[in-house]
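> To start, I am sharing the structure in question, which I have written as structure tokens.
Number of protein chains: 2
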Amino acid sequence: MVVMSKTVMILAHPSIEKSIGNKIISDNFSKEKNTEVRHLDQLYPDFNIDVKAEQEALLNAETIIFQFPLFWYNVPAILKHWIDTVFEYGFAFGLESTLNNKNILVSFTIGSPNKHYSDEVIEKICFPLKGLTQYCNLNYIGEIFCNDINGYTEEAKNNAINIANKHSQKLIELI
Amino acid sequence: MVVMSKTVMILAHPSIEKSIGNKIISDNFSKEKNTEVRHLDQLYPDFNIDVKAEQEALLNAETIIFQFPLFWYNVPAILKHWIDTVFEYGFAFGLESTLNNKNILVSFTIGSPNKHYSDEVIEKICFPLKGLTQYCNLNYIGEIFCNDINGYTEEAKNNAINIANKHSQKLIELI
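As you go down the protein sequences, you meet chains A and B in turn. Convert by adding 54 to the 1-based position in the first sequence; the result is the number in this note's numbering. Convert by adding 54 to the 1-based position in the second sequence; the result is the number in this note's numbering.
The following block contains the structure:
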């Protein structure tokens, strides 16, 4: 029996119905084989995370994708809450790290243009997530991100749709 | 009439009753004149932040301190949630930034020793908060932090108490 490796996407977006980028990226991803999308805001609208269920989902996956819109150079609050509660001592680190060698891929969208996001800025933005993966002996595969994901005008929105579709393709090729 | 400038501490700590550092620092701070401590976890145990009340508290202050234990090279989730909800368009940035020129001081405690926290690492850790203040035309006064704040042993705990008291003094001198 061949067991296909599974990829779980931890999606954080407080209003996915209004989303352009994260909606396209997570919808396309969910159509691939052996994938699971866990939309934190939908699962836990009151921030009351089911830690055991989340840990179980991670144990069943070989690759974990953090998918989110960048808010204030950082992850949305619910993703931070998920990290703070799910990455417990004894589960994610400590005597036994049950997550050893699983892969982490960071995938995010940015509303504003690329010119404000030099390599150095992106490195700083990703530093906490990279640090988390190193501390827990996970493999940090890398990050992918796209800019100009906003719907300020119809033209901007159409442009964002194209960019998000390209991002989505790139993501699917990586898994 | 002389109006003394007010300093508000936005404190994030999910279990302040067990805290060593953040408890000492916030207790000492609260004894100073013209100060206010807003303990987010106590005010909003369900993460349901009263945005208007928080904005009002900021408007009444000249200096804002973010006080927290560092979790995964980042702020605790509730502080991120506070930022995501309180720093709204039209309030903190956009046509009218009502927070213009208020001061921001970042103050945090770290459980582990100093050797893992080079200047470069601290700069990366503070980058999102610094970015926030720049975007909203606030004055980033700087950051102060202390290491070894843990109670793993009685000796470690006593050491942490001393360190936190020194941190606390330094903070009070800065405001």
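The C-beta atom is built at its ideal place from N, Cα and C for all residues, glycine as well.
(1) For A/S59, collect the residues of the same chain with a Cβ closer than 6 Å to its Cβ; drop the 5 residues on either side in sequence, then sort them by chain order.
(2) Around the Cβ of A/N76, are there at least 16 other Cβ atoms within 10 angstroms (buried) or fewer (exposed)?
(3) Starting from B/N157, trace the beta strand (DSSP E) both ways and give me its first and last residue.
(4) CB B/I198 to CB B/A218, shorter than 8 Å?
(5) Going along chain B in order, which residues have a C-beta closer than 8 Å to the C-beta of A/L186?
(6) Give the straight-line distance between the Cα atoms of B/G165 and B/L153, rounded to the nearest whole angstrom.
(7) Between A/D195 and A/I158, how many whole angstroms is the CB-CB distance? I'm expecting something under 8 Å.
(8) According to DSSP, is A/T139 helix, strand or coil?
(9) For B/C190, which of helix, strand or coil comes out of DSSP?
(10) In the DSSP assignment, find the beta strand (DSSP E) that holds B/H93 and state where it starts and stops.
(11) Give the C-beta separation of A/I79 and A/A214 to the nearest angstrom, bearing in mind that I take them to be a contact with Cβ-Cβ under 8 Å.
(12) If you pair each beta-carbon of the segment 64-72 of chain A with each one of the segment 118-137 of chain A, do three or more pairs fall below 8 Å?
(13) For the alpha helix (DSSP H) holding B/L112, just list the boundary residues, first then last.
(14) Tell me, please, whether the CB atom of A/F181 is closer than 8 Å to any CB atom in chain B?
(15) Would the segment 102-110 of chain B count as touching the segment 134-143 of chain B if we require 3 or more Cβ pairs under 8 Å?
(16) Under the DSSP definition of a beta bridge, which residues are partnered with A/G196?
(17) Could you say which of A/Y127, A/D104 and A/I118 lies nearest to B/Q188 if we only look at CA atoms?
(18) Which same chain residues, not among the five before or five after A/F122, have their C-beta less than 6 Å away from its C-beta?
(19) Give a yes or no on whether the minimum CB-CB distance between A/D173 and chain B is below 8 Å.
(20) Where B/L97 and B/V91 are concerned, what is the direct C-alpha to C-alpha distance, given to the nearest angstrom?
(21) Quick check on A/P99: buried or exposed, where buried means 16 or more other Cβ atoms within 10 Å of its Cβ?
(22) When you check each C-beta in the segment 130-152 of chain A against every C-beta of chain B, which residues fall closer than 9 Å?
(23) What residues from chain A crowd round B/D100, counting only those whose CB sits closer than 9 Å?
(24) For A/K178, would you say it is in contact with chain B, using Cβ-to-Cβ distances shorter than 8 Å as the test?
(25) Can you tell me which of the three DSSP states A/V62 falls into?
(26) Using DSSP bridges, identify the partner residues of A/T48.
(27) Would a check of beta-carbon distances place B/P130 closer than 8 Å to chain C?
(28) Considering A/D81, what are the terminal residues of the alpha helix (DSSP H) in which it resides?
(29) In whole angstroms, give me the CA-to-CA distance for B/N155 and B/I118.
The structure says:
(1) Excluding sequence positions up to five before and after A/S59, its CB lies within less than 6 Å of the CB of E116, all in the same chain and listed in chain order.
(2) buried
(3) N157 to T163
(4) no
(5) Neighbours of A/L186 on chain B, chain order: W126 and Y127.
(6) 32 Å
(7) Strictly speaking, residue 195 of chain A in this sequence is Ile, with Asp absent from that position. Contact holds; Cβ gap of about 6 Å.
(8) helix
(9) coil
(10) Start and end: T89 to H93.
(11) Going by Cβ atoms, the distance from A/I79 to A/A214 rounds to 11 Å, so no, they are not a contact pair.
(12) yes
(13) V105 to L113
(14) yes
(15) yes
(16) A/L159
(17) A/Y127
(18) A66, V129, P130, L133 and F162, listed in sequence order.
(19) no
(20) Between the alpha carbons of B/L97 and B/V91 lies a distance of about 11 Å.
(21) With fewer than 16 other Cβ atoms inside 10 Å of its own Cβ, A/P99 counts as exposed.
(22) P130, A131, I132, L133, K134, H135, W136, I137, D138, T139 and F141
(23) Correct list: D100, F101 and N102.
(24) Yes, contact with chain B.
(25) strand
(26) Residue 48 of chain A lies beyond the stretch modelled for chain A, which goes from 55 to 229, so this question has no answer here.
(27) The structure shown contains no chain C; the protein chains it does contain are A and B.
(28) G75 to S84
(29) 11 Å
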